[in-house]
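Read the structure below first, then the notes.
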Amino acid sequence: MTDTPHATCCGHHHPHGPHGKAHDHCGHEHAAAAREPDAMALVSARALSLRRGGRVILEGVDIDIVAGEIVTLIGPNGAGKTTLVRLLLGLEAADGGQIRRREDLRIGYVPQRFDIDRALPMTVERFLSLGLDVRRADITAVLRDVGAEHVIDRQLAQLSGGEGQRVVLARALLRRPNLLVLDEPVRGVDATGEAELYTLIGRLRTERGFGVLLVSHDLHVVMAASDRVLCLNRHVCCSGVPKTVAKHPEYVRLFGAEMARAFAIYEHHHDHAHDLAGRPMPDASTDTQVAPTSGARGGEGAA
Amino acid sequence: MLEPFLLRALVAALGLALVAAPLGALVVWQRMAYFGETMAQASLLGVALSLAVGGDVTVSVLVVAMLAALLILLLSRQRVLPLDSVLGLLHHGSLAAGVIATAALAGPSVDLLGYLFGDIFAVSQTDLAWIWGGGVLVLGVLYFIWQPLLRLAVHEELAIAEGVPGGRIKAAFMLLLAITIAIAIKILGILLVIAFLIVPAAAARPFARTPEQMVAITALVAVAGVVAGLALSARSDAPGGPAIVLVLAAMALTSLVRARIAGRGD
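Residue numbers (the working numbering), protein chains in the order written: chain X, 5 to 307; chain W, 442 to 707.
In structure tokens:
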């Protein structure tokens, strides 16, 4: 696993599994096998590792995000997805490895949680103009894009979870980023709104050419919207173009045919977690859209 | 006309009210009341330090308050105890140490009450210079780092991910807080300094729709509290600092109750 093949999936049981075909679809990332960060990428990291209290949180993680590309991180709870994002954003320091950020990097960030203290009085409009040179018309336009035009004069502390997420996304877009980082952006957004948000992000990516790093639990949407998927379980155990990854025997076994139990199997496979009867434990991440077992394969789009 | 000592008290407290307004609002927004409280109470060790080495109280209080802030920051990184317990431990511990050290150094005749609750009517010309000079400095620096401070107050990680130098801005803010505590300590004492910061801000919150409005209303509340508190003190012979804080607390309670009744409890 050291040279990060592009679409090998979790090769613990099949270290030499049939992954040759996967390389065909790889558009970028040809420097990934090198140990040096990719200078062309917006953000490039090599061999990132992090420990907390003797526990391995991340180990040997390589990742590149280039302009115009949507990269999605998937993986079970506790896989280190959010931690990896925090390292890439510079919110936390890694214990080992290298991160290179392009000099002109301009990040738009949508954190997992956006809870505003009620003690702070601030309207949405003010929040969206803090540190930015924007007029009310710009703000109205971007709020319309994310479907939250009606909240412009509201207090931040009065927003619902979904509205808050849209407002932070609006701020991220207003910054004219070349890298958009979204950590589970659809929390508190209903299914229709979710599909719309992904469509919007995909469209803006095409229009503006920014790179996107997405953390998600939702395999349906991930498969439809991503250019590249990285599945993480403390190390990168799977990486590649969604279609190819989705056809990969390992992937199908983990996420496809048995999607209903995908994460449970996944954890079982890697962590050997069992309940008292010896069956794989149901994973806590049941906020994943649990689909019926047949026909739930990824890559068919977010219906 | 006002007596000179009363006039000096008024000028000192009004200066402090203006400095305390933006800082108090920031302390409330960032939930740092207990943090500030700990810095202030550790400052009694600064008083002891100045008794020991004979330097100026304001300077040694400033130094000790900064050291306390640093210690709190270091201890906030450990994960054995939650931060409020650590702060509780530090603030009671340093208060006890401060009382003992002060009494040991100054002898039994020491005016502990003066250090704990301040003595606003003993304000000298030098104190006034400290308050207004330090106050202008604090407000000037705040003006320049206001926007990054606001962004950190809204969402710290978002601000840092967007490129706000979080560590430096927060360090600057703590320095400003330490300066304010140092110049206020003679007037309000280590036990009432933080109340003077956060109580007016709490009273202002229900009436504000923007951060700057909240600061302006906080300043108005604090000025009103100072005038009313000193009047109460002059009339009833109550100690000045406690009289001001009592009036402010009454205003804050009234404001919160009124906001609750009016359904504006946002």
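By construction, the Cβ of each residue, glycine as well, lies at the ideal position given by its N, Cα and C atoms. Quantities reported herein were computed from a predicted structural model and do not represent experimental measurements.
Discussion item. Determine, for E598(W), whether the minimum Cβ-Cβ distance to residues of chain X falls below 7 Å.
Written reply: yes
Discussion item. Under 9 Å, CB to CB, which of the residues in the region 461-480 of chain W have a partner in chain X?
Written reply: A466, V469, W470, Q471 and R472
Fill in: Buried or exposed (CB count within 10 angstroms, at least 16 for buried), Y584(W)
exposed
Item to complete: For R238(X), go through chain W and note every residue whose CB falls closer than 7 Å to its CB, in chain order.
Response: Neighbours of R238(X) on chain W: none; closest Cβ ~20 Å, over 7 Å.
Item to complete: Please check if any C-beta of chain W sits within less than 7 Å of the C-beta of A152(X).
Response: no
Discussion item. Residues of chain W with CB closer than 7 Å to the CB of F118(X), please, in chain order.
Written reply: Residues of chain W whose Cβ lies closer than 7 Å to the Cβ of F118(X) are, in chain order, H596.
Worksheet item: By a C-beta neighbour count over all protein chains shown, 10 Å radius and 16 as the cutoff for buried, is L234(X) buried or exposed?
Response: Per the 10 Å Cβ criterion, buried.
Worksheet entry | Residue(s) in a DSSP beta bridge with L236(X) | V240(X)
Worksheet item: Expressed to the nearest angstrom, what Euclidean distance is found between the alpha-carbon atoms of M473(W) and D231(X)?
Response: 44 Å
Item to complete: State yes or no: is the C-beta of W470(W) within less than 7 Å of the C-beta of A161(X)?
Response: Between W470(W) and A161(X), the CB-CB gap reaches or exceeds 7 Å.
Practice prompt. Under 6 Å Cβ to Cβ from A98(X), same chain only, skipping five residues before and after it: list those, please.
Written response: L52, L54 and L91
Worksheet item: Going by other Cβ atoms of all chains shown within 10 Å of its Cβ, with 16 needed for buried, is R209(X) buried or exposed?
Response: buried
Item to complete: Find the nearest neighbour of V582(W) within the set F614(W), V494(W), R449(W) and L524(W), judged by alpha-carbon distance.
Response: F614(W)
Worksheet entry | Environment of D525(W) [buried if 16+ CB atoms lie within 10 Å] | exposed
Item to complete: On a CA-only basis, which of A649(W), P647(W), F637(W) and G477(W) is nearest L459(W)? Give me that one, please.
Response: In terms of Cα proximity to L459(W), the closest of A649(W), P647(W), F637(W) and G477(W) is F637(W).
Worksheet item: In whole angstroms, what is the alpha-carbon distance linking G64(X) and G608(W)?
Response: 28 Å
Worksheet item: In terms of DSSP beta bridges, what is Q309(X) paired with?
Response: Outside the shown range of chain X (5 to 307) lies residue 309(X), about which nothing can therefore be said.
Worksheet item: Buried or exposed: Q654(W), going by 16 or more other Cβ atoms within 10 Å of its Cβ?
Response: exposed
Worksheet entry | 8 Å contact criterion, which A642(W) and G477(W) should meet: CB distance rounded | No, A642(W) and G477(W) are not in contact; Cβ-Cβ is about 12 Å, not under 8 Å.
Discussion item. Here's the rule: buried if 16 or more other CB atoms are within 10 angstroms of the residue's CB, otherwise exposed. What is R39(X)?
Written reply: exposed
Worksheet item: When the Cα atoms are used, what is the spatial distance from L528(W) to T567(W)?
Response: 33 Å
Worksheet item: What does DSSP give as the partner residues of Y113(X) in its beta bridges?
Response: V185(X)
Discussion item. Please identify, using Cβ separations under 7 Å, the residues of the region 633-652 of chain W that lie next to chain X, in order along the chain.
Written reply: R646, A649, R650, T651 and P652
Worksheet item: Counting pairs of Cβ atoms below 8 Å between the region 678-686 of chain W and the region 618-638 of chain W, do you hit three or more?
Response: yes
Practice prompt. Helix, strand or coil for Q159(X), going by three-state DSSP, please let me know.
Written response: strand
Practice prompt. Could you tell me the distance, in whole angstroms, from the CA atom of A83(X) to the CA atom of T695(W)?
Written response: 50 Å
Item to complete: Would you mind sorting Q159(X) into buried or exposed? The rule is 16 or more other CB atoms within 10 Å of its CB.
Response: Result: buried.
Discussion item. Quick check on the DSSP output: the beta strand (DSSP E) that includes I69(X) runs from which residue to which?
Written reply: R59 to I69
Discussion item. Let me check one thing: in DSSP terms, what residues is G465(W) bridge-paired to?
Written reply: Looking at the DSSP assignment, G465(W) forms no beta bridge with any residue, so it has no partner.
Practice prompt. For L46(X), count neighbouring C-beta atoms within 10 Å of its own C-beta (all shown protein chains included) and say buried if the count is 16 or more, exposed if not.
Written response: buried
Worksheet item: Taking Q102(X) as the reference, which of R207(X), D68(X) and I143(X) has the closest Cα?
Response: D68(X)
Worksheet entry | Meets three-Cβ-pair contact criterion under 8 Å: the region 165-178 of chain X and the region 146-155 of chain X | yes
Worksheet item: Does the ligand FMN have even one heavy atom less than 6 Å from the beta-carbon of A195(X)?
Response: This structure does not include the ligand FMN; it has no bound ligands of any sort.
Worksheet entry | Under 7 Å from the C-beta of A690(W): neighbouring residues of chain X | Ordered by position in chain X, no residue passes the 7 Å Cβ test against A690(W), which lies about 17 Å from the chain.
Worksheet item: Along the chain, which unbroken stretches of the alpha helix (DSSP H) at least 4 residues long are found entirely within the region 583-626 of chain W?
Response: Qualifying alpha helix (DSSP H) stretches, in chain order: 597-602.
Worksheet item: Do you know whose CA, among V494(W), S565(W) and L486(W), lies nearest G534(W)'s CA?
Response: L486(W)
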